[in-house]
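Residue numbers (the UniProt record's numbering): 1 to 48.
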């Protein structure tokens, strides 16, 4: 578990990247960046 701010950011970035990869595989297209908000950036449950 990363405790530093940099570690938290890196973890969020990784989660977001994984979520986008999953989304691309599911839909065949890149996610729309403007729709992604900081509040649901960590929540990948809605992607299935």
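Ideal Cβ placement from N, Cα and C applies to all residues, glycine included.
Please read all numbers here as calculations on a predicted model, not as lab measurements.
Along the alpha helix (DSSP H) that carries residue i, what are the first and last residues, could you check?
i: residue 27; result: 5 to 27
Quick check: what's the CA-CA separation for residue i versus residue j?
i: residue 16; j: residue 10; result: 10 angstroms
i: residue 28; j: residue 7; result: 30 angstroms
i: residue 24; j: residue 3; result: 30 angstroms
i: residue 48; j: residue 22; result: Because the pLDDT at residue 48 is just 46, under 50, the model does not fix this residue reliably, and the value given afterwards should be weighed accordingly. So the two alpha carbons sit approximately 9 angstroms from each other.
i: residue 14; j: residue 26; result: 18 angstroms
For residue i, does the count of other Cβ atoms within 10 angstroms reach 16, so buried, or fall short, so exposed?
i: residue 19; result: buried
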